[in-house]
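Asker: Got a structure for you, written out below as structure tokens; questions coming shortly.
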């Protein structure tokens, strides 16, 4: 009953959201907004391994550029070191930062003529602040407009950094061609090194990243099954939903690639929610705890194996343990928790073994 | 090779010029290699490209 009510609630929420989006309104409808805000309080999926890896790539790139700077004794090497650090970090959350850095490199190169024009011709001729402002207005206002639009934001930002950076590098007022050339070369060298090191060491494919997310999900399911106390509501769902959101574009990008073709991450979410329900009901059901404990052990082992070795169908022994747990619960005295645990077990059976036939006679016999 | 060359009053390091020339050579070379299918035989294409670039730079610097 409780599950049916929950399904109807979710269906109504979806219809509200659909009408809201169709009417073109911004933000979320009031009731869903409070729900979403409450959900956002607990942490989402964090991948510390990838963060460490991105940091290591940045370290390698910075060491390379600084070694070059020290060995050649080139004064403008400082600008190169700064640029390489910035650009290794800028796109670090993407799977493959290289195309983003390449875009920045191309548009930094394109900004060089405009920067040269400003620095060498316009700025020396500007004798007061008003003249300076008027001289800078056309290009910066135009760039500002392009930064405001999402589709041109990346490119316009690269141009702005290029021109603005070149102008500010010479606040002492020495605008001569050699120092401009040196600083521009340093900038370009920094960005190019960031791109090359990223491509060599850091770029990962969508399939690799998708597998990593799936394994993190399975590891969390194993941990959920191995717990002895009930999990706090909301935390698991947040992390799993975040993972699903991260997985969808990557799975779409990989296409039908072998072992990733049949992955249904939402099914994993359902399994996790059912396991959490059973864990919550466990302390209140004393009689059938042994069957449920065996089931939890089986689930924990299965998901640990998945996290280690990759996708595999669940073993038939797990189906027997689920059926044993259901039969065991059927003998317990009727209570609200028992109904919830039974619903969760049925949901679990359906998610893990969607095609397994139900032997109703077995369950009815035990109940009688 | 001479360490620096005088272009219109600026002293430009010749290594920089060889790197620039090597990069310009790489652009059509990469497309050609891609067309010939060499990148399917290579383990790590960006590493291969970098190695090729370094070899071209060294070759051009030796010539200069």
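Residue numbers (the working numbering), protein chains in the order written: chain B, -14 to 353; chain R, -8 to 55.
Each residue gets a CB set at the ideal place from its N, CA and C atoms; glycine is no exception.
What you are looking at is a predicted structure, and each value in this text was computed from that prediction instead of being measured.
Whole-angstrom Cβ separation of residue 284 of chain B and residue 322 of chain B, contact assumed at under 8 angstroms?
Answerer: Going by Cβ atoms, the distance from residue 284 of chain B to residue 322 of chain B rounds to 19 angstroms, so no, they are not a contact pair.
Asker: Restricting to Cα atoms, I'd like to know which of B/141, B/229, B/286, B/170 is closest to residue 194 of chain B.
Answerer: Nearest option by C-alpha distance: B/229.
Asker: Let me know if residue 181 of chain B comes out buried or exposed under the rule of 16 or more other beta-carbons within 10 Å of its beta-carbon.
Answerer: buried
Asker: Residue 107 of chain B to residue 186 of chain B, Cα distance in whole Å?
Answerer: Near 42 angstroms, if we compare the C-alpha coordinates of residue 186 of chain B and residue 107 of chain B.
Asker: According to DSSP, is residue -2 of chain R part of a helix, a strand, or is it coil?
Answerer: strand
Asker: Using a C-beta cutoff of 8 angstroms, does residue 107 of chain B count as contacting chain R?
Answerer: Residue contact check for residue 107 of chain B against chain R: no CB pair falls below 8 angstroms.
Asker: Within 8 angstroms (strictly less), CB to CB, does residue 19 of chain R reach chain B?
Answerer: No - not a single Cβ of chain B is within 8 angstroms of the one on residue 19 of chain R.
Asker: Would you verify that the beta carbon of residue 16 of chain R is, or is not, closer than 8 angstroms to some beta carbon of chain D?
Answerer: Checking the listed chains, one finds no chain D in this structure; the protein chains it contains are B and R.
Asker: For a test of the three-state rule: what should DSSP assign to residue 301 of chain B, helix, strand or coil?
Answerer: Helix.
Asker: According to a CB-to-CB cut-off of less than 9 angstroms, which residues of the stretch 160 to 174 of chain B neighbour chain R?
Answerer: Across the stretch 160 to 174 of chain B, CB contacts with chain R closer than 9 angstroms involve 162, 163, 166, 170, in sequence order along the chain.
Asker: Could you tell me the alpha carbon to alpha carbon distance between residue 24 of chain R and residue 13 of chain R, rounded to whole angstroms?
Answerer: 16 angstroms
Asker: Which residues, taken in chain order from the stretch 25 to 38 of chain R, show a beta carbon closer than 7 angstroms to some beta carbon of chain B?
Answerer: 37, 38
Asker: Counting only the same chain and skipping the five closest in sequence on each side, list residues whose C-beta sits under 6 angstroms from that of residue 202 of chain B.
Answerer: 228, 253
Asker: Quick one: what does DSSP say residue 33 of chain R is sitting in, helix, strand or coil?
Answerer: coil
Asker: Quick one: residues in its chain with C-beta nearer than 6 angstroms to the C-beta of residue 81 of chain B, no 5 flanking neighbours on either side, listed in chain order?
Answerer: The beta carbon of residue 81 of chain B is closer than 6 angstroms to those of 188 in its chain, skipping five residues each way along the sequence.
Asker: Using only CA atoms, which one of B/67, B/163, B/137 lies nearest to residue 104 of chain B?
Answerer: Relative to residue 104 of chain B, the option among B/67, B/163, B/137 whose CA is nearest is B/163.
Asker: By the three-class DSSP mapping on this structure, what secondary structure does residue 4 of chain R have?
Answerer: Secondary structure at residue 4 of chain R: strand, using DSSP grouped into helix, strand and coil.
Asker: Can you tell me whether residue 79 of chain B is helix, strand or coil according to DSSP?
Answerer: coil
Asker: Could you tell me the alpha carbon to alpha carbon distance between residue 173 of chain B and residue 40 of chain R, rounded to whole angstroms?
Answerer: 19 angstroms
Asker: Should residue 41 of chain R be flagged as near chain B, meaning a C-beta pair shorter than 8 angstroms?
Answerer: yes
Asker: Thinking residue 266 of chain B and residue 326 of chain B are a contact (beta carbons under 8 angstroms), I'd like their distance in whole angstroms, please.
Answerer: 4 angstroms
Asker: Just to confirm the assignment: which complete alpha helix (DSSP H) runs, minimum length 4, are found wholly within the stretch 250 to 274 of chain B?
Answerer: Fully enclosed alpha helix (DSSP H) runs of no fewer than 4 residues occupy 250 to 266 of the stretch 250 to 274 of chain B, in order along the chain.
Asker: Look at the Cβ atom of residue 69 of chain B, then the Cβ atom of residue 50 of chain B, and state whether they are nearer than 8 angstroms.
Answerer: yes
Asker: So residue 239 of chain B packs on residue 296 of chain B, CB below 8 angstroms; how close in whole Å?
Answerer: Not a contact, Cβ separation roughly 13 angstroms.
Asker: Output the boundary residues of the alpha helix (DSSP H) element that contains residue -4 of chain B.
Answerer: -13 to 7
Asker: Return the residue from the list B/177, B/115, B/127, B/8 that minimises the CA-CA distance to residue 67 of chain B.
Answerer: B/177
Asker: If distances are taken between C-alpha atoms only, which option among R/8, R/0, R/-5, R/-3 comes closest to residue 49 of chain R?
Answerer: R/8
Asker: Shorter than 7 angstroms, the distance from the beta carbon of residue 17 of chain R to the closest heavy atom of the ligand GTP, or not?
Answerer: In the structure shown, the ligand GTP is absent, as is every other ligand, since no ligand is present at all.
Asker: Residue 330 of chain B and residue 314 of chain B - do their beta-carbons sit closer together than 8 angstroms?
Answerer: yes
Asker: Does DSSP classify residue 19 of chain B as helix, strand or coil?
Answerer: Note: residue 19 of chain B maps to helix in three-state DSSP.
Asker: Expressed to the nearest angstrom, what Euclidean distance is found between the alpha-carbon atoms of residue 33 of chain R and residue 16 of chain R?
Answerer: 20 angstroms
Asker: Which residue spans inside the stretch 148 to 214 of chain B form an unbroken beta strand (DSSP E) run of at least 3?
Answerer: none
Asker: Would you mind sorting residue 205 of chain B into buried or exposed? The rule is 16 or more other CB atoms within 10 Å of its CB.
Answerer: It counts as buried.
Asker: From the DSSP output, in three-state form, read off residue -7 of chain R for me.
Answerer: coil
Asker: So, at 7 angstroms on beta carbons, what are the nonlocal neighbours of residue 86 of chain B in its own chain, with the 5 sequence-adjacent residues on each side left out?
Answerer: 72, 76, 176, 179, 180, 183.
Asker: Output, in chain order, the set of chain B residues within a Cβ distance shorter than 8 angstroms of residue 1 of chain R.
Answerer: 162, 163, 166
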